[in-house]
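Please read the structure below before turning to the comments.
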Amino acid sequence: MIEITETVARSSKKTVAVAPSDVAQIGIVAKYDVLKYLRSRRLLGMVAIVVLIILLITALPPLLGESYPDGADAFMNMYAGYVALLVIVGATLFAGDAIVSEFQNRTGYLLFPKPVKRWVLLAGKFLASMAAMFLVLLVYYAIVLALGLVTTGGFSALGVESLVLAMLYSVAALSVGFLISSIMKGITGAQILTFALFLFIFTIVTGVLTLGGVEPWFVVTYSGGTIGYITQDPYPTSGPATGVGPGGMAPGGLTSSYFPDVGVAIAVMAAYALISLVLAYYFFSRREMSA
Amino acid sequence: MSEPIRIENLTKNFNGLRAVDSLNLLVKKKSFMGFLGPNGAGKTTTIKILTNLLTPSGGAAYLNGVDVTKDPKAALTNVGTVVETPEFYPYLTPNETLAYMGELHGMTRGDIKQRTREVLETVKMTEWTDKRIGKFSKGMKQRIAIAQALLHEPSVVILDEPTSGLDPRGMVEVREILDDLHNEDYTVLMSSHLLAEVQQVCTDVALINRGQLLRSGPVDELTASTNLRRLEIRTVHETPEVLLAKISQLGGVSGLEPLGPRDFGLSLAGGDKAQADLLTQMQNLGLKVISFKESGVALENLYMSLIKETR
Numbered sequence: 001m002i003e004i005t006e007t008v009a010r011s012s013k014k015t016v017a018v019a020p021s022d023v024a025q026i027g028i029v030a031k032y033d034v035l036k037y038l039r040s041r042r043l044l045g046m047v048a049i050v051v052l053i054i055l056l057i058t059a060l061p062p063l064l065g066e067s068y069p070d071g072a073d074a075f076m077n078m079y080a081g082y083v084a085l086l087v088i089v090g091a092t093l094f095a096g097d098a099i100v101s102e103f104q105n106r107t108g109y110l111l112f113p114k115p116v117k118r119w120v121l122l123a124g125k126f127l128a129s130m131a132a133m134f135l136v137l138l139v140y141y142a143i144v145l146a147l148g149l150v151t152t153g154g155f156s157a158l159g160v161e162s163l164v165l166a167m168l169y170s171v172a173a174l175s176v177g178f179l180i181s182s183i184m185k186g187i188t189g190a191q192i193l194t195f196a197l198f199l200f201i202f203t204i205v206t207g208v209l210t211l212g213g214v215e216p217w218f219v220v221t222y223s224g225g226t227i228g229y230i231t232q233d234p235y236p237t238s239g240p241a242t243g244v245g246p247g248g249m250a251p252g253g254l255t256s257s258y259f260p261d262v263g264v265a266i267a268v269m270a271a272y273a274l275i276s277l278v279l280a281y282y283f284f285s286r287r288e289m290s291a
Numbered sequence: 001m002s003e004p005i006r007i008e009n010l011t012k013n014f015n016g017l018r019a020v021d022s023l024n025l026l027v028k029k030k031s032f033m034g035f036l037g038p039n040g041a042g043k044t045t046t047i048k049i050l051t052n053l054l055t056p057s058g059g060a061a062y063l064n065g066v067d068v069t070k071d072p073k074a075a076l077t078n079v080g081t082v083v084e085t086p087e088f089y090p091y092l093t094p095n096e097t098l099a100y101m102g103e104l105h106g107m108t109r110g111d112i113k114q115r116t117r118e119v120l121e122t123v124k125m126t127e128w129t130d131k132r133i134g135k136f137s138k139g140m141k142q143r144i145a146i147a148q149a150l151l152h153e154p155s156v157v158i159l160d161e162p163t164s165g166l167d168p169r170g171m172v173e174v175r176e177i178l179d180d181l182h183n184e185d186y187t188v189l190m191s192s193h194l195l196a197e198v199q200q201v202c203t204d205v206a207l208i209n210r211g212q213l214l215r216s217g218p219v220d221e222l223t224a225s226t227n228l229r230r231l232e233i234r235t236v237h238e239t240p241e242v243l244l245a246k247i248s249q250l251g252g253v254s255g256l257e258p259l260g261p262r263d264f265g266l267s268l269a270g271g272d273k274a275q276a277d278l279l280t281q282m283q284n285l286g287l288k289v290i291s292f293k294e295s296g297v298a299l300e301n302l303y304m305s306l307i308k309e310t311r
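Residue numbers (the working numbering), protein chains in the order written: chain Y, 1 to 291; chain S, 1 to 311.
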């Protein structure tokens, strides 16, 4: 009987080890982090949430016996208000554990001794989280715009503006998530803090400031409100109002209504994105694998 | 500055505790250096500094002539590492993990494919190439860790206790891989607690304690220079304390300690003749010796004597 065994022919020539450029390495890191989102089903989970939100918003008016708005922009406005929530969940899933997991899961022992700079790792991971988040937003807006086209017969140009603002808000939220992830010791803590910061803490700060008669223009979630308001035509303006505005009821029964200025909101979101990312790099680059 | 690994006055403090204290070490080209020391000696801290996992408080560490703290990317390009049994991305297979690491090292697709087959064969993981690592045992992960360290054919390999935590079979398998490394063109720095393993595999050894280098050099030279061996003696009858006291006062004898009712151990300075003379002297004292044997390995004797000296 003849036994056949497969043997691997050893390469006689040594591999020339020249690490690729930083830019090329950013792409490599991003590629494998996107694979993480795909394999861990986070991306799939987010798309499922998108579908669920759209189904709920679309199904509720007919179930309550109400009709859809006539205009495409008004139709988009029904959905745009929930995008901020989607961004918060996305930031929690895509950014909350991005850095801290390398330390807590000990994968840093594999990755950090490689010839790759910390800022390259951060940039690659951030790009991957951005790609995942943008994909989720694009799916959401594509479905809603298509629904609006079918339902109202018109295309919402303001919906596209809303998408751009949503993308900017998501970059700011991801940056804050990366900052938290680069500071926190545990994955769960980082994810909870990211979620709570956007859903509760910023919202409470906004409410308190509004009650005090101070416009919370510097709070990123307040700026994120532009995602929904931009689809209103005309864009709502701040000032004394008879109805209850986004800031809630002021003391003494007077209502105060503040609506973020789009230009200021863009600047605030960009500032959050930039400053948080710089700080994230500062902490990540100094963090040691001491445990 | 052509040495593969050069450590100069390396110091690392953790909240006032000095883990590495002005350490100097040189690892010559194509040598296999064992890095020994008791727990807390500073071995892992030194290796972590060398592999860009920790930042030193002072001094410098060079890999192939490049300061790892100043230019880690250049310093680590031609280096393979296994530090503290790394964890892997559970959603990747060994093939994908090695592709990721190979791409970061700048290997071409063809090289990655070829070398992946080779290193996975080396670590006996060819049957698991497309299974996700998340479900692998610690031993399997350790083998993948060694595979990724060798993937890009680095000139320098740094291993931190590569057999730590493995079952006996896993230890034997990893030791076989280390033996293979010994026969190839790598320069290896390996920390270990297993002195027999180090003596078997390494050409050179560096002993550290309290963050300071105690001794370094070729294993043969160091073991020959120890002139100290540990002996275990078993007798027919229980040895009275008076007799043990007399034996402890014999020339060259130190560290006598009872190991059981009829067993005791001692350290003896001197060579073969001193050992033969001791047996004769003990018999002259009326001791009926059943067994008279050297225990441990020469390196262990050196290790123990140096550690005791620094306490």
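Quick reminder that beta carbons are idealized off the backbone N, C-alpha and C, glycines included.
Proximity winner among S:269, S:233, S:29, S:188, relative to residue 224 of chain S (alpha-carbon distances): S:269
Closer than 8 Å is the cut-off here; do at least three beta carbon pairs connect the region 151–161 of chain Y with the region 58–74 of chain Y? yes
For the region 240–249 of chain S against the region 62–70 of chain S, are there 3 or more C-beta pairs whose distance is under 8 Å? no
Residue span of the alpha helix (DSSP H) that contains residue 357 of chain S, given as start and end: Look at the range of chain S in this structure, 1 to 311, and you will see that residue 357 of chain S is not part of it.
Neighbourhood of residue 86 of chain S by C-beta, 7 Å cutoff - its chain only, sequence neighbours within 5 removed: 145
Label residue 179 of chain Y either buried or exposed according to how many other C-beta atoms from any shown protein chain fall within 10 Å of its C-beta, with 16 as the threshold for buried. buried
What's the gap between the Cα of residue 299 of chain S and the Cα of residue 199 of chain S? 7 Å
Check whether the region 224–243 of chain Y and the region 76–84 of chain Y touch, using three or more Cβ-Cβ pairs below 8 Å as the test. yes
Comparing the C-beta of residue 191 of chain Y with each C-beta of chain S, is any distance below 8 Å? no
Unbroken beta strand (DSSP E) run spanning residue 255 of chain S, endpoints: 253–260
Who are residue 293 of chain S's beta bridge partners in DSSP? S:232
Would you say residue 194 of chain Y and residue 95 of chain Y are within 8 Å of each other, going by their C-beta atoms? yes
Any C-beta of chain S sitting closer than 8 Å to the C-beta of residue 243 of chain Y? With a pLDDT of only 48 at residue 243 of chain Y, under the threshold of 50, the placement of this residue in the model should not be trusted; the figure read from the coordinates follows. No - not a single Cβ of chain S is within 8 Å of the one on residue 243 of chain Y.
Short of 7 Å Cβ to Cβ, which residues in the region 29–56 of chain S face chain Y? 48, 51, 52, 53, 54, 55
Please report the distance separating the alpha-carbon of residue 134 of chain S from that of residue 92 of chain S. 8 Å
Measure from the alpha carbon of residue 84 of chain S to the alpha carbon of each residue in Y:110, Y:97, Y:100, then state which is nearest. Y:110
Let me check understanding here. Comparing Cα to Cα, which of S:167, S:169, S:157 lies closest to residue 180 of chain S? S:157
Own chain partners of residue 53 of chain Y with C-beta closer than 6 Å, once the 5 adjacent residues on each side are dropped: 82
If I measure Cβ to Cβ from residue 132 of chain Y and keep anything under 6 Å in the same chain, skipping five residues before and after, which residues do I get? 37, 43, 94
For residue 47 of chain S, list the residues DSSP reports as bridge partners. For residue 47 of chain S, which the question treats as bridged, DSSP gives no partner whatsoever.
I need the DSSP call for residue 276 of chain S, collapsed to helix, strand or coil. helix
Check whether the Cβ of residue 168 of chain S lies closer than 8 Å to any Cβ atom in chain Y. no
Buried or exposed by the 16-neighbour rule on C-beta atoms within 10 Å, applied to residue 244 of chain Y: The pLDDT assigned to residue 244 of chain Y is 47, lower than 50, so where the model puts this residue is not dependable, and the model offers no usable value.
Have a look at residue 32 of chain Y and residue 79 of chain S and give me their C-alpha separation to the nearest angstrom. 22 Å
Using a threshold of 8 Å, state whether the C-beta atoms of residue 82 of chain S and residue 160 of chain S are closer than that. yes
Using a 10 Å radius around the Cβ and a threshold of 16 neighbouring Cβ atoms, would you call residue 291 of chain S buried or exposed? exposed
Should residue 201 of chain Y go down as buried or exposed, given a rule of 16 or more other Cβ atoms within 10 Å for buried? exposed
If you draw a straight line from the alpha carbon of residue 84 of chain Y to that of residue 227 of chain Y, how long is it in whole angstroms? 7 Å
Could you please tell me which residues of the region 84–114 of chain S, in chain order, have their CB closer than 7 Å to any CB of chain Y? 84, 86, 87, 88, 89, 91, 100, 101, 103, 104, 105, 106, 107, 111, 114
Residues of the region 86–120 of chain Y with a CB closer than 7 Å to any CB of chain S: list them in chain order, please. 105, 106, 107, 109, 110, 112, 113, 114, 115, 116, 117
Which chain S residues are close to residue 269 of chain Y, counting only those with a beta carbon under 7 Å from its beta carbon? By Cβ distance, chain S contributes nothing, its closest Cβ being about 32 Å from residue 269 of chain Y, past 7 Å.
Near residue 244 of chain S, which residues of its chain fall below 8 Å by C-beta distance, leaving aside the five closest residues on each side in sequence? 256, 258, 264
Can you list the residues of chain A that residue 40 of chain Y reaches, using a CB-CB cut of under 7 Å? Looking at the structure shown, chain A is missing, and the protein chains on hand are Y and S.
Say whether chain Y places a C-beta atom closer than 8 Å to the C-beta of residue 76 of chain S. yes
Anticipated Cβ contact below 8 Å, residue 190 of chain S with residue 218 of chain S, distance rounded: Not confirmed; about 15 Å, so no contact.
Collapsed DSSP secondary structure at residue 19 of chain Y in the structure displayed: coil
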